[in-house]
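Right, one structure below, let's go through it.
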Amino acid sequence: MTALAVLAGVVPTATAATKKPKQVFVDLQNFAAGEPDHIDPGTTSTLTGAQVAVLMYDSLTDTDSTGTLVPAAATKWTTADNGKTWVFTIRKAKFSNGEAVTPSAFVRGWIRATDSKLASEVAYHSYIIDGFQAWNEGKGPAPTSVVADDKKMTLTVTLTNAFAGFPSIASHPVFSPIPKSMATADAKAEENGLTLIGNGPYKLKQAISKQAGGQVTLVRNPLYWGKKGTLDEIQFKITKDTNAAYNLFESGQGLSAAVPAGRYKEASGKYGEAGLGTVLGTDYWGFNWEDPIVGGPKNVLLRKAIAKAVDRTQISEQIYQGQRKPTDQLVPKGIPGYRPGLGLLGGKPRDLDGAKADFAAWQAAGNKLDAPIRLSYNEGANWDKVATIIVGNLKDVGIDAKLDPFPADGTYFSKMRKGGGQIIRAGWFADYVLYDNFMFPLLHKASIDGDNLERYNSDAFSSLVDKARTTVDLTASGNTYADAEKLALSTDAVIMPTVNRASNAVFSTKVQNVKLTPLGFFNYNEFVIAA
Amino acid sequence: MTAVLPLGAETVLVTTEQIGYWEDVRRRFFRNKLAIAALTVLVLLVLLAILGPIIARGDYTTGRLGYELKRPGDHRWILGTDSLGRDMFKRVVRGIGISLSLAAGVTIATTLLGMVLGGLAGYIGGFLDTVVSRTIDAVYAIPYVLIGIAIISIFGRSFWTLLGSLVAVGWLSTARLFRAAVLQIRGQDFIEAARATGADTKRILLNHVVPNALPPVIVSIAFTIAGSILSESIYSFLAIGFTEPRPALGVMLLDARKSGFEVSPHILFVPATVLILLTLSIAIIGDALRDALDPKLRGAG
Amino acid sequence: MGSYLLKRFAFTVFVAWAALTIMFLLLVAMPGDAVTAKSGEKALGSGIENNIRAKYGLDKPLIVQYGKFFGNLVQGDLGYSIKNDRSVNTDFKETFKTSGRLLLWGGLVQIGGSLLLGFISAARKGSLLDSATTVVSIGTQAIPVFVTGLLAQVFFGVFPSQRGWDWLSFNRFWPEKWYLGVIPNGGWKGIVLPAIVVGIVQMAFLARLLRSSMLEVLRADYLRTAFAKGLPRSRVLIKHALRNALIPYVTAASFALVEIFGIAVQTETVFGLYGIGSKVAEAALIQDAPVVLGLSAIVIISAALVSLLVDISYSFLDPRIRVGEKAAT
């Protein structure tokens, strides 16, 4: 009630004498911790930047709030050869400048996004398409594996190998179409953001401006093929600091905000749970497979002891006030093929007795700890406190551990990728709703030096994943992936998942019809602001 | 380095023969009621830092589930608990010790470095002066955040690297101050007189220049101590200082911000109050010392 | 005076060059580079990393990068941010507007407040206001700026609006439109808290300084004579005491202007403003060299200009001093 009183008079009223007040949404959530890196669909590499991109651009497919793959710019898709070649039928639609969205517009967009000169950080999503990796690395010509037929309105895509999940990958913003005017636009084009012209429900009105009070402004695209956006204008305000942005929100200066750590419970009590749902991401800590103390098959009991000792409820409650739920599985519920009971703890948050028994058995085998085990993490986002909790949990078992902080993300991850850690802070957020999106990059031996931070080198695991990747039937492949996950988590105990990720947005009680997709996007185009 | 600058510290001229000067200083200092109050607070805080860890034994780094964010006075926690359920009293008394030992290290290093480099630059002058002065100007122009980040990226995070980055920035103002003081003294008549009587450089430096340059250095020491404590909290707040689970005051302040002090104000107020008492008492003492050391104010109050 | 200014200019160029070179070396010495700093939970892969290196010339030898940076700097081109491809010149224009306005208003609070408080406490020595200024002056410096900022947000933003006291709520967006570039056109409440937080730290300190130098001047013989001659007290205070006391005050205030930059980093962070200070801090962490070096270059040169102006102002305040004589401070 007080919140409503406070919020009265927040939304700028229409300047012209219109019958209905203009629906202007002031967002303090997305860029609360700084400006976006990019909002260009070809280059955006953060969830917050992509949130703007998906409002401006429709890819071939989309994921709805239930996690189901639905048509977007493509009306339907088929494969005649078990997933090696895909034919997408493109919907008749227009860009916001009136130009027709043809299949060629997709080829144009994909070639631009993967051009080595653009140096997009998300170009690798295209590597599954034949010839795109060589093109992106400057080792081959512009690929011809994507064929547009503008008369029949079809787009034919040939992959490097059969992959049943391609339509899900095609939902990524990097696969957006672009108009002719953008074919040669480089990443600097954003500075004059008006060159970003899309086919989504909203279009860009104002470029990114980093002045305090800077913002990205979107307005409704009247030429959109589908249901027109409900809001007239969306202002994504850029602030430097989550706490400051939240305080502005609390003072009635915006309609949504990111909840600062430590205030989830208070925030959900005041503003409801609509923006705080679980998303397809998991926090975990991994063990360096090559480390003489915690790595390799011979130290599996120590890893199990540690994984069982960690109190996931304590992490969930003390750091996230229950917002992120405890888990002992990597792949979250909501991914097709998900199966409960794959983890070491059978869904329990902690097993102290089991941990003590495993540690005793490891010591009985002639092993001992000479120095405290290092828990490496990158600074920020409360990982220091999570590590502190784990150190305390391990103390209960008699395992000595200490914190090993890194100031910046880049230094941290590049050192971990080279095998510089013992217990490694990690996490993953799904790019698309596919089991493979967790299994292959995170644990496959081909991903060593990449996102396989643990340098987990298991032939048994990798061959299971390889088998699942070539299985076209999604149910059958899901089962194989789940078997692989069980192997990595329960048999080898190479990683210990701790909590599932959750969105951290709150919306003013005036905002109605808020929905969250499992990939973390909100349906701004359907929001309604109550009078 | 910080907001605390010994700007008002002025050079005064005394000779070692003026025994009465230090007696005067002592008298003037203890006439200042505010300074006595500050000294009392500081002594109490130091006692707390020494005795606190003996009284409040036990685990102060690992938390417990179900004990988080207890208000002060709740059950046995006189200052409450933090977001991980750790006793704030146990942490804050150790925090004072950490702040003071860091400040001691920084102050000794910056004062020595500043006195030697600034003093030599001021006394010898010429090329050495140019090198030292231009180095100070150049380093002064570099944002301290960059120096802090570079040092911890290269050497990792520890007590010593934080000390190093505070010294790297802190010696600049001490050296500047000391150089100016020596310059002023060098030009005075009694130095000329000593030279004329054939005293060698070493003797002039030790017998005349150093004692005369001491008053501003004493004031500068007080402000450096307060400044280092403040800097620790700022560096930790910007995530380039101490880190969990070390109960440094800056770490606790940052945690207050990350754990919702708007809901549980004591997690901000406890470390903030201790920090303010600590720096305020030292700064007041420094201020009183400055007044006491300044003979121009003699008899003026 | 001409040769003096020339010398000063050469000196400024040298300091800027030396500082930027040290910063360049620090950025090189840090492990990894701006490209590795881009990789987070999701790795980029060597192909993409190479593309980015080639795009920004990071594949060239260090000496070439170093030369290119200074070559471009001389031509006024600060390069492009490796984080997001935006021109550092644009970054500068946008962040400078914010920082400049923050420093201007903060500076006004600082100078205006300190002149007023210092003058009154010198004129009314020993009064309650005088003692209060002393304690506040030490206090504001002893409390970290970020704590002051946080408390200000809570007491003049969050709490009042929770209770519906809108008049007391100053937690507002930084104004978007400005008259003449510096006067907020609507939304003035947004600048109040940041400006006060920036200004107050050294305001009381400068007030104290002014007070003590005024008291010192008042003891001087010629002022005793002035009083003895029966000149009105107010006239003596303003015309003689204040004017002479302004010299050390201006020196200190110019130092305070440099210090204010450090204060602004914290203020900008606490209030979520995009200023030069917070931008440099953010870029340093991700080793975005063009942003760190480009913005710092401007800050260093501006700081040098300020100190030159201060130098010139000495001769204005005290005709006995010719330009250049006080340069040793």
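Residue numbers (the working numbering), protein chains in the order written: chain A, -17 to 513; chain B, 37 to 337; chain C, 81 to 409.
Think of the CB as a built atom: it goes at the ideal place given N, C-alpha and C, for glycine as much as any other residue.
- From alanine 428(A) to alanine 144(A), what distance separates their C-alpha atoms? Mapped onto the first sequence, residue 428(A) falls at position 446. Mapped onto the first sequence, residue 144(A) falls at position 162. Going from the Cα of alanine 428(A) to the Cα of alanine 144(A) covers about 18 angstroms.
(Q) Taking 8 angstroms as the threshold (beta carbon to beta carbon), is serine 189(B) in contact with chain C? (A) Mapped onto the second sequence, residue 189(B) falls at position 153. Answer yes: the Cβ-Cβ gap between serine 189(B) and chain C drops below 8 angstroms somewhere.
Would you say lysine 106(B) and threonine 97(B) are within 8 angstroms of each other, going by their C-beta atoms?
-> In the second sequence, counting from the first residue as 1, residue 106(B) sits at position 70. In the second sequence, counting from the first residue as 1, residue 97(B) sits at position 61. Against a cut-off of 8 angstroms, the Cβ pair of threonine 97(B) and lysine 106(B) comes out as no contact.
- At which residues does the alpha helix (DSSP H) containing lysine 209(A) begin and terminate? Translated into the one-based positions of the first sequence, residue 209(A) becomes position 227. It is not in any alpha helix (DSSP H) - lysine 209(A) carries neither H nor E in the DSSP assignment.
Report task. Note down, in chain order, each residue of its chain lying with its Cβ closer than 8 angstroms to the Cβ of aspartate 455(A), except the 5 sequence neighbours on either side. Result -> In the first sequence, counting from the first residue as 1, residue 455(A) sits at position 473. Here the set comprises Ala146.
- Query: Between glutamine 193(A) and arginine 90(A), what straight-line distance do the alpha-carbon atoms span, to the nearest angstrom?
  - Reply: By one-based count along the first sequence, residue 193(A) stands at place 211. By one-based count along the first sequence, residue 90(A) stands at place 108. With a pLDDT of only 48 at glutamine 193(A), under the threshold of 50, the placement of this residue in the model should not be trusted; the figure read from the coordinates follows. If you take the alpha carbons of glutamine 193(A) and arginine 90(A), they lie about 33 angstroms apart.
Of all Cβ atoms in chain B, is any one closer than 8 angstroms to the Cβ of proline 308(A)? Translated into positions along the first sequence, residue 308(A) becomes position 326. False, the Cβ-Cβ gap to chain B never drops below 8 angstroms.
- Item | Within 8 angstroms of chain A by C-beta, residues of the segment 108 to 127 of chain B in sequence order | Result list: Ser119, Leu120 and Gly121.
**Study point:** Any C-beta of chain B under 8 angstroms from that of glycine 187(C)
**Key:** The residue labelled residue 187(C) in the question sits at position 107 within the third sequence. Answer no: the Cβ-Cβ gap between glycine 187(C) and chain B never drops below 8 angstroms.
Notebook entry, point to check: Are the CB atoms of valine 203(B) and threonine 260(B) nearer to each other than 8 angstroms?
Noted result: Taking the second sequence and counting its residues from 1, the one referred to as residue 203(B) is at position 167. Taking the second sequence and counting its residues from 1, the one referred to as residue 260(B) is at position 224. No; because the gap between Cβ atoms is not below 8 angstroms, this pair is not in contact.
Would you report the Cα separation of tryptophan 59(A) and alanine 116(A), rounded to the nearest angstrom? As a working mapping, residue 59(A) is identified with position 77 in the first sequence. As a working mapping, residue 116(A) is identified with position 134 in the first sequence. Those two C-alpha atoms are separated by around 26 angstroms.
(request) Would you verify that the beta carbon of valine 390(C) is, or is not, closer than 8 angstroms to some beta carbon of chain B? (result) As a first step, residue 390(C) is located in the third sequence; it is residue number 310 there, counting from the start. Chain B, which has no Cβ nearer than 8 angstroms to the Cβ of valine 390(C), makes this no.
Interface flag, aspartate 366(A) vs chain B, CB-CB below 8 angstroms: Taking the first sequence and counting its residues from 1, the one referred to as residue 366(A) is at position 384. Yes, because at least one Cβ of chain B sits closer than 8 angstroms to the Cβ of aspartate 366(A).
TODO: Go ahead and pull the three-state DSSP assignment for valine 142(B).
DONE: For the purposes of this step, residue 142(B) is taken as the residue at position 106 of the second sequence. Reduced to three states, the DSSP call for valine 142(B) is helix.
>> So, at 6 angstroms on beta carbons, what are the nonlocal neighbours of aspartate 391(A) in its own chain, with the 5 sequence-adjacent residues on each side left out?
In response: Stepping through the first sequence from its first residue, residue 391(A) is reached at position 409. Hits under 6 angstroms: Asn360.
- Message: Checking 8 angstroms against the spacing of the C-beta atoms, do phenylalanine 395(A) and leucine 312(A) come in under that value?
- Response: On the first sequence, position 413 is the one that residue 395(A) refers to. On the first sequence, position 330 is the one that residue 312(A) refers to. For phenylalanine 395(A) and leucine 312(A), no; Cβs fall outside 8 angstroms.
Check: By a C-beta neighbour count over all protein chains shown, 10 Å radius and 16 as the cutoff for buried, is aspartate 123(B) buried or exposed?
Finding: One-based indexing of the second sequence puts residue 123(B) at position 87. Burial call: buried.
Note to self: Tell me the DSSP secondary structure of glutamate 255(A) in three-state form.
What the structure shows: Counted from its first residue, the first sequence places residue 255(A) at position 273. If DSSP states are grouped into helix, strand and coil, glutamate 255(A) belongs with coil.
Can you tell me whether leucine 329(B) is buried or exposed? The criterion is at least 16 other CB atoms within 10 Å of its CB, across all chains shown.
On the second sequence, residue 329(B) is found 293 positions in, with the first residue counted as 1. Leucine 329(B) is buried by the Cβ-count criterion.
### Cut-off 8 angstroms between Cβ atoms - residues of its own chain near glycine 137(C), not counting five sequence neighbours on either side
Start at 1 with the first residue of the third sequence, and residue 137(C) comes out as number 57. Closer than 8 angstroms at Cβ, skipping near neighbours: Val144, Gln145 and Lys148.
Against chain A, with Cβ distances strictly below 8 angstroms, would lysine 140(C) count as a contact? Counting from one through the third sequence, the residue named residue 140(C) turns up at place 60. Chain A, which has no Cβ nearer than 8 angstroms to the Cβ of lysine 140(C), makes this no.
query: Can you list, in chain order, the residues of its chain whose CB lies under 8 angstroms from that of glycine 304(A), leaving out five sequence neighbours each side?
result: As a working note, residue 304(A) is residue 322 in the first sequence. Result list for glycine 304(A): Tyr246, Lys247 and Ser298, in chain order.
Min CB distance serine 295(B) to chain A below 8 angstroms: Mapped onto the second sequence, residue 295(B) falls at position 259. Yes, its Cβ sits closer than 8 angstroms to a Cβ of chain A.
Handout entry: Nearest to tyrosine 106(A) (by Cα), restricted to the options Phe157(A), Pro123(A) and Thr67(A)
Key = What you label residue 106(A) is simply residue 124 of the first sequence in a count that begins at 1. Nearest C-alpha to tyrosine 106(A): Phe157(A).
Across which residues does DSSP place alanine 82(A) in a beta bridge pair?
Counted from its first residue, the first sequence places residue 82(A) at position 100. Looking at the DSSP assignment, alanine 82(A) forms a beta bridge with Lys76(A).
task = May I have a chain-ordered list of the alpha helix (DSSP H) segments no shorter than 4 residues that lie completely inside the segment 231 to 312 of chain A?
result = 246 to 253, 282 to 291 and 294 to 302
Taking only three categories from DSSP, how would you classify phenylalanine 70(A)?
In the first sequence, residue 70(A) corresponds to position 88, counting from 1. Residue state, collapsed to three classes: strand.
Legend entry - Strand pairing of threonine 410(A), partner residues [DSSP]: For the purposes of this step, residue 410(A) is taken as the residue at position 428 of the first sequence. Note on identity: in this sequence residue 410(A) is tryptophan, with threonine being the wrong assignment. For tryptophan 410(A), which the question treats as bridged, DSSP gives the partners Thr264(A).
Sort out for me which residues DSSP pairs methionine 478(A) with in a bridge.
-> For this step, residue 478(A) is matched to residue 496 along the first sequence. In the DSSP output, where bridge partners are listed per residue, methionine 478(A) has Trp267(A).
Which stretch, first to last residue, makes up the beta strand (DSSP E) that contains leucine 527(A)?
The structure shown does not extend to residue 527(A), since chain A is modelled only from -17 to 513, so the question has no answer here.
Notebook entry, point to check: What runs of the alpha helix (DSSP H), each 4 residues or longer, lie entirely inside the segment 180 to 219 of chain B?
Noted result: 180 to 191
### Task
Output, in chain order, the set of chain A residues within a Cβ distance shorter than 9 angstroms of threonine 260(B).
Along the second sequence, one-based indexing puts residue 260(B) at 224. Per Cβ cutoff of 9 angstroms: no residues; threonine 260(B) is ~25 angstroms from chain A at best.
- Message: Residues of chain A with CB closer than 7 angstroms to the CB of isoleucine 132(C), please, in chain order.
- Response: Here residue 132(C) is taken as the residue at index 52 of the third sequence, counted from 1. The answer, in chain order, is Ala101.
Worksheet item: Can you check whether the CB of proline 161(A) is closer than 8 angstroms to the CB of isoleucine 179(A)?
Response: On the first sequence, position 197 is the one that residue 179(A) refers to. On the first sequence, position 179 is the one that residue 161(A) refers to. At a Cβ-Cβ threshold of 8 angstroms, isoleucine 179(A) and proline 161(A) count as neighbours.
(request) With DSSP as the reference, label leucine 37(A) as helix, strand or coil. (result) For the purposes of this step, residue 37(A) is identified with residue 55 of the first sequence, where counting begins at 1. Residue state, collapsed to three classes: helix.
- Measure the C-alpha to C-alpha separation of arginine 215(B) and leucine 241(B) and round it to an integer number of angstroms. Here residue 215(B) is taken as the residue at index 179 of the second sequence, counted from 1. Here residue 241(B) is taken as the residue at index 205 of the second sequence, counted from 1. Straight-line Cα distance between these residues: approximately 13 angstroms.
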